[in-house]
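Here's the structure we're looking at; comments come further down.
Numbering (the numbering used here), first residue to last: 168 to 877.
Here you go:
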C-alpha cells in the first residue's frame, strides 16, 4: 500500500492541475446534487420497545390529533388579566395554520395574568420546517402582541429551531490559520491545510445532505460532522505537509518529497482516519436512529477529509513548490530540523525516571476524572436556554403560572380494546394518588372510542432528578395492562436508560476493534493496549471536567448558560465514539514515528525519545488547532454541541500534554523492547502492512530487529 501511495503522491505533484480539476468538479457536482436531490434534516428518537414508544405508537394509530408535534403559545399580561376575546381571535387564526389538527382552549393561570394555548399538529416535529412554522405562529398571534401582551413560544416546534451557524466554524478556521502561520512562518504553508480540509469538508457536508434524502439525519449531525471534520482534516494535512517539508530540507525535489510524504505520513493518515471511522461505527450498536445517522454523517466527512489529504494535498504541494518553506529556508545550504530539542530533553528526563512521572500523570488524570463518579446525564430542555430565548421565557412563565411540572406533562395512553372504558375514572383516581402528581385531567377519548388519553401534571420540572421515580411509580402503581405513559418527561426517562444500557457494548466493541487494528498496524500487543488505556484515561478525564463545568456549574456562565445543567444524555455515547477515534489519531502518528525509528535502529529507549522529539512540534501544533476548533464550537447555542466542544477540547489537550509528554514516554521506557512484542503465532497470521514506508518508494526492504519481551 505504501508503494501505491508513493506513486499516487508523486503523480499528483507532477500533474497537479489534473487532480485539482477533479476535486473542483467533485465538490461542485456534490454541491449541485445536494441542492437538487438533497433531503431535509429530521431527528428520529424512536426507542423501540420502550413504554413511551408503545404509547406514542398507540396515539399515532388511534389518536393522531395527539400524536404529532406541539407548540405552546404563552400569553402574559404585565398587569391585570388576559382578555378572553383576544385569546379567542388568536386561537381561531392558529387553528387555520397548515398541519394544525387542534388548538386546546386557552388555559388561564390562577390569577388570570397568564394564558396557555397548546397548538397540536397532525405530523411529527421532524416533518415541520422549524423556523417557518414558528414564524407562522408569530403571525397568527400578532394581535396579542399589538394589544400589549407578552407572547412567548415553547413546546416541540419552537425548541427545534436552531440558531444560525457559522460563528463557531469561523472562530476555528481563524485560530487554525494563526497557529499554522506561527508554526510554519509561511502564508502558503499555513493556507494549504485549510484549503485541503475545506475541500474535504465541502464534499462531505454535501454527502450528508444527499444522505438525508434516503434516511432521517439528525439536525445536529452536520454541526458535529463539521466540528470533527474540520479538526481532523487540518491535522491530517498538517502531518503530511510537515513530512513533505522535511523531504525538501533533505534535498529531494518536490514530486519525490510529496510522494514519500504520502507514502509515510499519508499512510498514517489513512489508518488514523480508519480508526475514527471504526469508533463512529460503534454508534450503530446504540440502535437509536439519531445516533446512527450522527455516526454515518461524521464518518462521511472524515472519509472525505482523508481522501482530500492523500490526493488533493500532493497536487497543491506540487503547485506550491518550494514556497511551503520560509524564504530563509530556501537558501542553498539551509538546514531545517523538525525535531524539538526541548521535547528530546524532556523525553530523556522522563525515560531516566519513569516511575515518578508515570504516577504523577496517573494521579492528575484520575483526579480530573473523579467528578465523573457523580455525573448525572439527562437530556437538555428549554430551561437550559439563555434567558433571552423565547422558549426559555415561555418555560419560566409556565412554571410561574402553572407549576414546574406543567412544562413536562405525562400522557397516559390507554388502549380501550384492552382497558375497560368504565375503569378510566378509577385509573384517574389512582394516578392522582401517586406521589409527585399534582393534577390529573379527565380522560379524553379518541374519535373512534378505541383509545383514551389522560394528562397528568407532575410536581417537578422535566430536569428534576425526582421525575424518574415519579414515572416509575406511575408505571408500577397505577397503570393497568394496555396503558402506557409517554410525553416529554417519560421519553427523557426512557432515553436516558436506553443510552446507559447501550454505552458499555459500544465501548467494548470500539475498544476491541481499535485494538485489533492497531495490533495489525504496529505488529505489537502491548503498544495498542497502552494506546487504548491512555485513550480511556483521556476520555474519563474529559467526562470529569464536563461534570464540573456543566453539572457543578463551574463554567456555565462563561459558556452562556443561565445555570448549571446536567450533562446531556447524548454526550456519554456520542463523545466516547468521537473522542476515542480522534484521540487515537495522535497515538497513530506518534507510534508510527517511534516504530519507524525502532525498525531503523533497534534501540527501544532511543526510538521513543527520537520519535517524541521528531513529532513534538507537529503534534503540538495539530493539538492546538484541534483544541481551538473544538472550543470555537463551545460557543454554539446548542447545549449538546457546546458540551461536545468542551469535552473534545479537554481530551485533545490532555492527549497532547499529559499523555504524550508524561504517560507515553514513562510507560514505553518501562516496557523497553516489550513495546513491540508479538507472539509468534500472531506474527505468522497477521498481515504485514508496512506502515512506515520503507519499501514504498523504492528503498531497500526494512531490516527489522527482532524484539523480545525481555
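Every residue, glycine too, gets a C-beta built ideally from N, C-alpha and C.
Where residue i sits in the DSSP three-state scheme
i: residue 867; result: Legend: pLDDT at residue 867 = 36, less than 50; position of this residue unreliable, value from coordinates given subsequently. DSSP places residue 867 in coil when its eight states are reduced to three.
i: residue 321; result: strand
i: residue 612; result: strand
i: residue 582; result: strand
i: residue 178; result: helix
i: residue 808; result: helix
i: residue 345; result: helix
i: residue 709; result: helix
i: residue 183; result: helix
i: residue 172; result: helix
i: residue 354; result: helix
i: residue 274; result: strand
i: residue 619; result: strand
i: residue 813; result: helix
i: residue 577; result: strand
i: residue 667; result: helix
i: residue 516; result: helix
i: residue 506; result: coil
i: residue 328; result: coil
Cα-Cα separation, residue i to residue j
i: residue 655; j: residue 667; result: 18 Å
i: residue 618; j: residue 804; result: 40 Å
i: residue 773; j: residue 784; result: 18 Å
i: residue 782; j: residue 372; result: 31 Å
i: residue 723; j: residue 641; result: 34 Å
i: residue 716; j: residue 612; result: 46 Å
i: residue 386; j: residue 834; result: 42 Å
i: residue 732; j: residue 178; result: 53 Å
i: residue 775; j: residue 511; result: 9 Å
i: residue 528; j: residue 369; result: 39 Å
i: residue 262; j: residue 292; result: 17 Å
i: residue 295; j: residue 212; result: 15 Å
i: residue 230; j: residue 580; result: 9 Å
i: residue 232; j: residue 590; result: 23 Å
i: residue 471; j: residue 381; result: 19 Å
i: residue 406; j: residue 769; result: 24 Å
i: residue 592; j: residue 573; result: 22 Å
i: residue 240; j: residue 677; result: 45 Å
i: residue 831; j: residue 752; result: 14 Å
i: residue 376; j: residue 465; result: 12 Å
Residue range of the beta strand (DSSP E) that includes residue i
i: residue 455; result: It is not in any beta strand (DSSP E) - residue 455 carries neither H nor E in the DSSP assignment.
i: residue 846; result: Looking at the DSSP string, residue 846 is not in any beta strand (DSSP E), and its letter there is neither H nor E.
i: residue 481; result: Here residue 481 belongs to no beta strand (DSSP E); instead the alpha helix (DSSP H) covers 480 to 487.
i: residue 288; result: 281 to 288
i: residue 606; result: 604 to 607
Sequence-distant residues of its chain with Cβ nearer than 6 Å to residue i (five each side left out)
i: residue 738; result: 810
i: residue 576; result: 622, 624, 654
i: residue 800; result: 335, 394, 808, 812
i: residue 448; result: none
i: residue 778; result: 760, 761, 764
i: residue 903; result: Lying outside 168 to 877, the shown extent of the chain, residue 903 is not represented and no answer is given.
i: residue 633; result: 627
i: residue 558; result: 321, 325, 326, 549, 552
i: residue 542; result: 714, 734
i: residue 821; result: 705, 708
i: residue 374; result: 467
i: residue 790; result: 819, 823
i: residue 409; result: 785
Contacts around residue i, its chain only, beta-carbon distance under 7 Å, and the 5 residues preceding and following it disregarded
i: residue 712; result: 535, 817
i: residue 895; result: Outside the shown range of the chain (168 to 877) lies residue 895, about which nothing can therefore be said.
i: residue 186; result: 179, 478, 479, 482
Where the alpha helix (DSSP H) containing residue i begins and where it ends
i: residue 552; result: It is not in any alpha helix (DSSP H) - residue 552 carries neither H nor E in the DSSP assignment.
i: residue 136; result: The structure shown does not extend to residue 136, since the chain spans only 168 to 877, so no value can be given for it.
i: residue 776; result: 771 to 800
i: residue 545; result: Residue 545 -> no alpha helix (DSSP H), and no H or E assigned at all.
i: residue 216; result: Here residue 216 belongs to no alpha helix (DSSP H), and DSSP marks it neither H nor E.
i: residue 310; result: 309 to 313
i: residue 559; result: 557 to 569
Minimum Cβ-Cβ distance from residue i to chain B less than 8 Å
i: residue 840; result: Although the question refers to chain B, the structure presented lacks it and comprises just one protein chain.
Any non-hydrogen atom of the ligand GDP within 7 Å of residue i CB
i: residue 351; result: With respect to small molecules bound, the structure shown includes none, and the ligand GDP cannot be examined in it.
- Which ranges would you report for the alpha helix (DSSP H) in the region 228 to 272 if only whole runs of at least 4 residues count? For the region 228 to 272, whole alpha helix (DSSP H) runs of length 4 or above, ordered along the chain, are 251 to 262.
- Runs of alpha helix (DSSP H) lying entirely within the region 624 to 661, each at least 4 residues, in chain order: 634 to 644, all fully within the region 624 to 661.
- Task: Just list the alpha helix (DSSP H) runs in the region 359 to 432, keeping only unbroken ones of 4 residues or longer that don't cross its boundaries, in chain order.
- Result: You should have 388 to 416, 421 to 428.
- Task: Could you tell me which uninterrupted alpha helix (DSSP H) segments, each at least 4 residues in length, are contained entirely in the region 693 to 761, listed from first to last along the chain?
- Result: Counting only runs of 4 or more, we get 693 to 713.
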